[in-house]
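Worksheet: one structure, shown below.
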Amino acid sequence: MLHDGIRIHARGSFRDIAHRTPSSSTESIPNMMGIVFNLLETAVSRTYGDAQWHQLPDKAGLDGAYTSIGNYPDADAFRIVGVAAEVLQLPPGEVLRWFGRESMPMLAERYRIFFEGHSSARTLLPTINRVIHAEVRKLYPSALLPDFSFEDAPTDTLRMVYHSTRSLCDLAQGFIEGTALVFKEQITVEHPHCKIRGDHQCRFDIRFRELVPTNSPLAED
Amino acid sequence: MPPDENDTTVAQLALLSRRLEREHKARLAAEVLAEQGLRELYQTQQELRLLVSIADTANQSSSITGALRFAVTSICNHTGWEVGHAYLNHQLPAASPLRSARIWNDNLAPAFAELRDLTEQRSLVASDGWPGRVLAVRQPVWIRDLAAEPDAECQELSAAGQLRAAFAFPVIIGEEVAALLEFYCTRVQDEDPSLLSLLSQVGIQLSRAVERKISQDKLVYDATHDALTGLPNRQSFRQLLAQALLQAQQRDTHCAVLFIDLDHFKLVNDSMGHHAGDQLIVHVARRIRSSLQRLELTTPPDQYARPSCGGAVVARLGGDEFTVLLEDVIAESGPLQVAEQIQEVLKQPFQIYGQDVYSGASIGIALSAPGYYSGDEILRDADMAMYQAKSRGKSRCSVFDRSMRDLAARRLTIENDLRRALTRQEFLLNYQPIVALDNGEIIGFEALIRWRRGSTIVPPSDFIPVADNMGLIIPIGQWVLEEACRTLRHWQNHFPRQNPLTISVNVSPRQFRQPNFVMQVGRALHNAGIEPSALTLEITEGATMGNPERAIATLLQLRGLGVKLSIDDFGTGYSSLSYLHRFPLHALKIDRSFIARIDGSFQSFQVVHSIMSLANNLGIGVVAEGIETIEQVEQLRALLCQFGQGYHFSRPLTQTDAQQLLTRPVVCLTR
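Protein chains in written order, with this note's numbering: chain A, 1 to 221; chain B, 1 to 671.
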């Protein structure tokens, strides 16, 4: 029933990964950083209330402690997202994108040091690989991290190429949008190439329309 | 549900809710702490990994620059800083200003190119500027923002290179900064104390590795170089020669070896001490080297026009033996020219402890030719040619030819036989009477050594130089002294006289310079039981050369013993007339060459006359050697010469024949 539910709503990327349960995998199990569960918990609790969150692991049949410093099977995360999609009546891709969008302001709050010195997603996004991922590795030395590279593009556009074995491009798009929210920027994100749609890589064209405030909200604290 | 029960449930729920809230907060707090711990652990592990990898690589690296290169790259990777560069003291272990080691980790290549060139040209000194201040404080220095620094170097780096933050640390060995590593990034960065302390550790690890490398290099250097002169030693010369020979064969050219042996080294060493000998060797090495350098400077670049040769290497094989390897030799005249030039510079006096010391050198030359299979053969032949040069007289030069091998073989046989001659009792003494010229009375004898080698009797001129060269002259000389004293005792017993018979014994310079020589003489006298005044020791002027003061001291001790002293072959050596009056002598022996010409050459007559006057003035006697005719006797008597010896009176006799002569003590002096 649960799996059916996921399948009904899942888009390609999600479906592919969600059925890789720990028991069916012969390779080493890909792990998700505990912080992802934490963020999800906070996002769901803030938007839909504590009760909503607490029923998700129950409904997914999971009993992990999900602390920020642990590593948990990818499948656990996908099950929870699947159940969330069911409960919230949204497609899983939308849930991921929403989650990404919600996560960024929370991360900015929790790890403000990475955001200091930036006043725009335009400068912060290119530092993810070098600065943020380097920091992530300190907590999760074995973390399987995506790679973001940047290509030449028209001046008002930041062209980001996303590589990940997980193909969570919806989540990546949510993160991009969430970063813009942190800086109160209005952006449009196009996703002209997508691996799930059969392209050889995912590409995002981020267009910055207007910079509402010039300073980071963090600077006001 | 009763109302109070409902209230209780609500209260319990609120309690649980608050408890949950607290638990949630506790979890978040615990997570923050745990994250911090993990982060620090990760940081420490990374730092440790960096330190260990730099230390390991430095220790395994075959070169200092290899170790520095790895350190620069690793630190850039660790910090994510764009530019890293190393300065090095290229003269290690000597002190010298640091210069760029041309080791770069440069991720800004085009933007930084010009600054890079400038950096590679500068030489770093301790200063207020950057990175000179690191040399001044001798510890890691961090600059948060180059643009905010007052000094010009920082301004330039930030303006031209778009660099903002910088740090640098020294690699210190003993008192000296051996290297300096500097790093730059394009962002402003606050000082990171834990990174600075890590860099101090890296500096220490690198300094240990550099130190080890220096001592390894020193070991290799010491194994291949002569400690005294710094020249390549025998081992490395042989290697160089082997390479040169191979190259000569491949290129169809020739190489040559000059074997150089100093002429008076033993004399300096024995008379002035080993320190003086060492000084002489150092001076000689310097002169040979600069002479070869001059040669290279004056050699025209056109190889067809130049008469001499290409590269030259000088080495010290040991003792007073030097070798020169000449490559690309076109004609025999090249090495000869080089040899003459070396002889010329070695002929000039050396200043050793304030004294002028004259040396000179005998040089043997061997050229590579078909038939030589190893460098050792060439070296051996050059040695042979040197020996040949030496035997022809001092300061000569010989080019090896095949006949020298036979000569060398003969010499080797003589050496082997000489070594056994003493134990086999093959030496014997002949005795030549010394006669009073006024009355013909035999006053004593000169003991003369002979070697019975198989069925032949070898004259001293054929084996004494060899024995001297081998050092065998010392035990042989001692045997002569003791044997002569024993014979005299025997004769004095059998032929008692009012003026007892005397015996004259030749003493070689080496024997005379032995520290315990006086004691040896005393023991010989005591063992034989003869009066010291019956023994005359004949020394040559050569024995007193080099260190006349020491010679005077020995002579005074001998006179104190009661022994008589005479100078042999007077007039042929380097007569140091300034010292002669201070020598406690009893007689001068005029060399036979003057006596042989005394009746035909006015000059010789004059020489003998002068020696007589000199002896008279000094109040000492004169013995004329090599008297062969009655005319010579008469001339000498006219000059009031008291004593003489020579074939005219008697050839050297065996002990038995001498005894026979003693039965008729007056020798016929008239026609």
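Glycine included, every Cβ here is placed at the ideal spot set by N, Cα and C.
Determine the closest residue to residue i out of the options, with distance taken between C-alpha atoms.
i      : options                        : result
T540/B : G230/B, G444/B, D263/B, F512/B : F512/B
D599/B : L639/B, G621/B, G311/B         : L639/B
G178/A : T155/A, S120/A, L145/A, P192/A : S120/A
R187/B : A223/B, A147/B, V505/B, L196/B : A147/B
I352/B : R550/B, V268/B, V633/B         : V268/B
C485/B : N516/B, Q514/B, S533/B         : S533/B
A524/B : L561/B, A551/B, N493/B         : L561/B
Taking the alpha-carbon positions, what's the residue i to residue j distance?
i      : j      : result
E5/B   : Q12/B  : 10 Å
V137/B : L107/A : 42 Å
G64/A  : D74/A  : 12 Å
Q201/B : W142/B : 15 Å
Q173/A : R203/A : 10 Å
E441/B : G354/B : 49 Å
L280/B : F350/B : 7 Å
S207/B : A178/B : 8 Å
D383/B : R592/B : 34 Å
D417/B : R453/B : 8 Å
I567/B : A615/B : 11 Å
L50/B  : E135/A : 17 Å
L88/B  : P140/B : 16 Å
V466/B : R411/B : 8 Å
L618/B : K564/B : 15 Å
D145/B : E47/B  : 24 Å
V32/B  : H133/A : 18 Å
E483/B : H490/B : 11 Å
G311/B : D252/B : 16 Å
D205/A : D147/A : 16 Å
Does the beta-carbon of residue i have 16 or more other beta-carbons within 10 angstroms, so that it is buried, or is it exposed?
i      : result
A152/B : exposed
T487/B : buried
G375/B : buried
S610/B : exposed
H275/B : exposed
S149/A : exposed
A26/B  : exposed
D328/B : buried
F602/B : exposed
A159/B : exposed
Y373/B : exposed
S103/A : buried
Y387/B : buried
Using beta-carbon positions only, say whether residue i and residue j come within less than 8 Å of one another.
i      : j      : result
D263/B : A361/B : yes
I378/B : A339/B : no
V72/B  : I103/B : yes
E625/B : K589/B : yes
I80/A  : A51/A  : no
G646/B : L437/B : no
N499/B : E538/B : no
N31/A  : S68/A  : no
L195/B : T79/B  : yes
I620/B : H586/B : yes
S61/B  : A67/B  : yes
I234/B : L317/B : The sequence shown places Arg at residue 234/B, not Ile. Yes, Cβ-Cβ distance for R234/B and L317/B is below 8 Å.
I434/B : V633/B : no
T157/A : L144/A : no
L422/B : I476/B : yes
L346/B : V257/B : no
E176/B : A95/B  : yes
L56/A  : A84/A  : yes
L472/B : I449/B : no
(request) Can you give me, in chain order, the residues of the segment 42-75 of chain B that have a beta carbon less than 9 Å from any beta carbon in chain A? (result) Y42, Q43, Q45, Q46
(message) Residues of the segment 129-157 of chain A in Cβ contact with chain B at a cutoff of 9 Å, in chain order, please.
(response) R130, V131, A134, E135, R137, K138, L139, Y140, P141
(message) To be precise: take each residue of the segment 171-183 of chain A, compare its Cβ to all Cβ atoms of chain B, and keep it if any distance is under 9 Å. Which residues remain?
(response) none
(request) Anything in the segment 59-73 of chain A with a Cβ closer than 7 Å to a Cβ of chain B? List those residues in chain order, please. (result) T67, S68, I69
(request) Report the residues of the segment 7-31 of chain B with a CB closer than 7 Å to any CB of chain A, ordered along the chain. (result) R27, E31
(request) Quick one: which residues of the segment 72-106 of chain B get their C-beta closer than 9 Å to a C-beta of chain A? List them in chain order. (result) G80
(request) Check distances from the C-beta atoms of the segment 155-181 of chain B to those of chain A and list, in chain order, the residues that come in under 8 Å. (result) none
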